[in-house]
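Quick mapping for you: the protein sequence lines, in order, are chains A and B.
Heads up, the first sequence stops at 315 in the numbering used here, and the numbers go up one at a time, no gaps.
Heads up, the second sequence stops at 293 in the numbering used here, and the numbers go up one at a time, no gaps.
We put the CB at the ideal spot given by N, CA and C, even for glycine.
Notes for the one structure printed next.
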Amino acid sequence: MAEVPEHLLKRAQEARERAEAQQGGGGGAAPESSEAASSDPAGEGDAGGPKIPDHLLDRSKSARDQAAAGSGAQAAAAVATAPMPAGPAQPEPTGPGGGTQRLLTVVKSGSIQDVKATPTDKVHVWPHLLVVEFVAALIFTAFTLIFSIFVNAPLLELANFNETPNPSKAPWYFLGLQELLTMFHPMVAGVTIPGIALFLLILAPYVDRNPNKKPEDRKFAISLMTIHLMFWAILVLIGSFFRGPGFNFVFPWEVGLFFDL
Amino acid sequence: MAKQPKPPASERAKQAASQMMSDMQGSQAWSSIFRPGSIFRKGYSDSPRNRSYVIMNSVLYHLHPVKVKRHAVKVSYTLCLGGLSFFLFILLTVTGIFLMFFYRPTAAQAWDDIYTLQTSVAFGLLVRNMHRWAAHLMVITVFLHMARVFYHGAYKPPREFNWVIGVILLTLTLLLSFTGYLLPWDQLALWAVTVGTNMMGFTPVFGDQVRFVLLGSVEIGTDTLLRWYVLHVLMLPFVIVIFMAIHFWRVRKDGGISGPL
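Right under this line is the structure:
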């Protein structure tokens, strides 16, 4: 994919404006060319403005004059020694301005280059993004550290196969599945439903053919996902806080909490 | 010849310190460590060129481009969730390595090791707490990151495949957390894992085989502990790092984070 850097596009745009301004002002020689060159210390390509410096133009002009004079003298000498049929030693001036070149066509850059990149507003990762990331990481470290100072991770008694705690609960993120276990056959609750959920999640970008990203244009997808997420969230909440001994439904404010992280 | 008055001692100390700093930064060793553009290099100045070099000439260039879209650094868009998930993974790796020094994955020693770690190792309790809370936090941030990406429609072309990788990363995160859950070998761990693995035993056709592979025997025991330990500290981190690398790489290859809504 052709990607034109933003600064080049910007420079080309400036050059185009300059050229237009020049044309409007009657077409000066090339007052900005030296400035354009000096404003480009990195030596990257300069897209705009007449690029040939004045002194080079002068030199080539004088060289052309010399050559014309020289060939004229040679022709004169030839005529003097041996008269020859006067051939077209010099090409006839054919251009509209009497020059030897003609403008055949103008090929606009868009017709031969497919420029897909549109200029976007960009910022340097350093410092703009890295500072944000660093601060976010610091906040999370501080939070984890302070939380860990005040709240200890649980360590219950040594594992004992002969003593099943009542209730036995899975880790909180699997409590939604354990909750399903109260309603369905274990194969459906433990394998089929989570399997299908995971599979649909993976397929989401291939099933959802709607190219729009604005929330108002994708109400169906958003509703479906919200229902899906809420489904698990509510199951996990019930499994975590509203299940007591025997995994029976209880209210935590009546019988207490049966939940370890 | 008038003798120059000696500057006060504090002034001289300051001069000596800055001279030493300058010498150190000018040394070959220093400039071999910090590449051109590093903010620690001698004569670093805040210029667009150096801002680019900070990224381009450092290992960060594998993670971040030199520039990003302006909206991509808005905290209100990403909420830093993906980056924070990655950061929590690093935090978990660091604290986890610390824990590994004091832990032996056998049924006879695991619980005692954790208990000793908490009672007689400097910062042992604190680091274990951090490891546990950061793990729960990572499950939450990964989950929220997925929700954020969905609601922004950021899984749409060309980012479909990166969404798939993201779902795999979510699954791996859950597995990492779940395998770690058994390691303290207390009542909570044993019975939570019993519930979880019983459910997986209901996989159609291969149920018993799946369960046997997971437990390393027909019942949870010291074989299971070793198996889950290796999964937790070596295999799953290895796999998740590979998928994370692909995930981050695809973020950049797919054109940076998704555009503003």
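Residues sharing a beta bridge with residue i, DSSP
i: VAL177 (chain A); result: B:VAL100
i: PHE303 (chain A); result: A:ARG297
i: LEU231 (chain A); result: LEU231 (chain A) is not bridged to any residue.
i: LEU278 (chain A); result: In DSSP, LEU278 (chain A) forms no bridge with anything.
i: ASP218 (chain B); result: A:LEU212
Residue i versus residue j: straight-line alpha-carbon distance, rounded
i: GLU68 (chain A); j: GLN77 (chain A); result: 14 Å
i: ALA190 (chain A); j: ALA166 (chain B); result: 14 Å
i: ASN230 (chain B); j: ARG243 (chain B); result: 8 Å
i: PRO137 (chain B); j: LEU246 (chain B); result: 16 Å
i: PRO32 (chain B); j: PHE119 (chain B); result: Residue 32 (chain B) lies beyond the range of chain B shown here (33 to 293); nothing can be said about it.
i: GLN47 (chain B); j: PRO68 (chain B); result: 26 Å
i: TRP195 (chain B); j: PHE204 (chain A); result: 37 Å
i: GLN120 (chain A); j: ARG113 (chain A); result: 11 Å
i: LEU268 (chain B); j: HIS163 (chain B); result: 16 Å
i: ILE200 (chain A); j: LEU123 (chain B); result: 14 Å
i: GLU60 (chain A); j: PHE182 (chain B); result: 30 Å
i: LEU214 (chain B); j: THR195 (chain A); result: 25 Å
i: TRP180 (chain A); j: GLU270 (chain A); result: 35 Å
i: THR110 (chain B); j: HIS109 (chain A); result: 56 Å
i: THR246 (chain A); j: PHE234 (chain B); result: 10 Å
i: LYS176 (chain A); j: PRO190 (chain B); result: 20 Å
i: THR297 (chain B); j: GLY248 (chain B); result: Given that chain B is displayed from residue 33 to residue 293, the structure contains no residue 297 (chain B) and the question cannot be resolved.
i: LYS101 (chain B); j: ALA66 (chain A); result: 21 Å
i: LYS268 (chain A); j: ILE289 (chain B); result: 16 Å
i: LYS106 (chain B); j: LEU92 (chain B); result: 20 Å
i: THR159 (chain A); j: HIS178 (chain A); result: 41 Å
i: ILE166 (chain A); j: ARG72 (chain A); result: 24 Å
i: LEU187 (chain B); j: PHE280 (chain B); result: Before going on, a small fix: residue 187 (chain B) reads as Tyr here, not Leu. Their Cα atoms are separated by approximately 14 Å.
i: ALA45 (chain B); j: LYS74 (chain B); result: 21 Å
Residue environment, residue i, which counts as buried when at least 16 other CB atoms sit within 10 Å
i: HIS239 (chain A); result: exposed
i: MET170 (chain B); result: buried
i: ARG118 (chain A); result: exposed
i: TRP307 (chain A); result: exposed
i: ASP145 (chain B); result: buried
i: GLY228 (chain B); result: buried
i: ASN302 (chain A); result: exposed
i: THR211 (chain B); result: buried
i: PRO299 (chain A); result: exposed
i: PHE270 (chain B); result: exposed
i: ASN220 (chain A); result: exposed
i: ILE193 (chain A); result: exposed
i: ARG272 (chain A); result: buried
i: GLY115 (chain B); result: buried
Minimum Cβ-Cβ distance from residue i to chain C less than 8 Å
i: HIS184 (chain B); result: Judged by its chain identifiers, the structure shown contains no chain C, and its protein chains are A and B.
- Query: What residues in the stretch 232 to 244 of chain A have a beta carbon less than 9 Å from any beta carbon of chain B?
  - Reply: GLN232, LEU235, HIS239, PRO240, MET241, VAL242, ALA243 and GLY244
- Taking any Cβ of chain B, which residues in the stretch 202 to 222 of chain A have a Cβ under 8 Å from it, in chain order? SER202, ILE203, VAL205, ASN206, ALA207, PRO208, LEU209, LEU210, GLU211, LEU212, ALA213, ASN214, PHE215, GLU217, THR218, PRO219 and SER222
- Message: Counting only Cβ-Cβ distances shorter than 8 Å, please list the residues of the stretch 204 to 217 of chain B near chain A, keeping chain order.
- Response: LEU206, SER209, PHE210, TYR213, PRO216 and TRP217
- Message: Using 8 Å as the cut-off, can you tell me whether the stretch 217 to 236 of chain A makes contact with the stretch 274 to 292 of chain A, which would need three or more C-beta pairs spanning the two stretches below that distance?
- Response: yes
- Segment contact flag, the stretch 170 to 180 of chain B with the stretch 201 to 215 of chain B, C-beta cutoff 8 Å, min 3 pairs: yes
- Do three or more CB pairs link the stretch 219 to 238 of chain B to the stretch 206 to 217 of chain A at distances below 8 Å? yes
- Query: Between the stretch 181 to 194 of chain A and chain B, which residues of the former have a C-beta closer than 7 Å to a C-beta of the latter?
  - Reply: HIS182, LEU183, VAL186, GLU187, ALA190, ALA191 and PHE194
- the stretch 226 to 239 of chain B: positions lying closer than 9 Å to chain A by Cβ: Taking a C-beta cut-off of 9 Å against chain A, the contacting residues of the stretch 226 to 239 of chain B are THR226, VAL227, GLY228, ASN230, MET231, MET232, GLY233, PHE234, THR235, PRO236 and GLY239, listed in chain order.
- Message: Please list, in chain order, the residues of the stretch 270 to 281 of chain A that have any C-beta partner in chain B closer than 7 Å.
- Response: ARG272, ILE276 and MET279
- Message: Three or more C-beta pairs under 8 Å: does that hold for the stretch 83 to 93 of chain B against the stretch 180 to 190 of chain A?
- Response: yes
- Message: Three Cβ pairs or more, each shorter than 8 Å: is that satisfied between the stretch 38 to 53 of chain B and the stretch 252 to 265 of chain A?
- Response: no
- Mind the definition here: the stretch 137 to 155 of chain B touches the stretch 181 to 198 of chain B only if three or more C-beta pairs lie below 8 Å; say whether that holds. no
- Task: Please list the residues of the stretch 148 to 167 of chain B that have a C-beta atom closer than 9 Å to any C-beta atom in chain A, keeping them in chain order.
- Result: GLN150, LEU157, LEU158, VAL159, ARG160, ASN161, MET162, HIS163, ARG164, TRP165 and ALA166
- Within 7 Å of chain A by C-beta, residues of the stretch 105 to 117 of chain B in sequence order: Those residues of the stretch 105 to 117 of chain B that come within reach of chain A (Cβ to Cβ, closer than 7 Å) are VAL105, VAL107, CYS112, GLY115 and LEU116.
- Message: Taking beta-carbon pairs under 8 Å, can you tell me which members of the stretch 55 to 78 of chain A lie near chain B?
- Response: none
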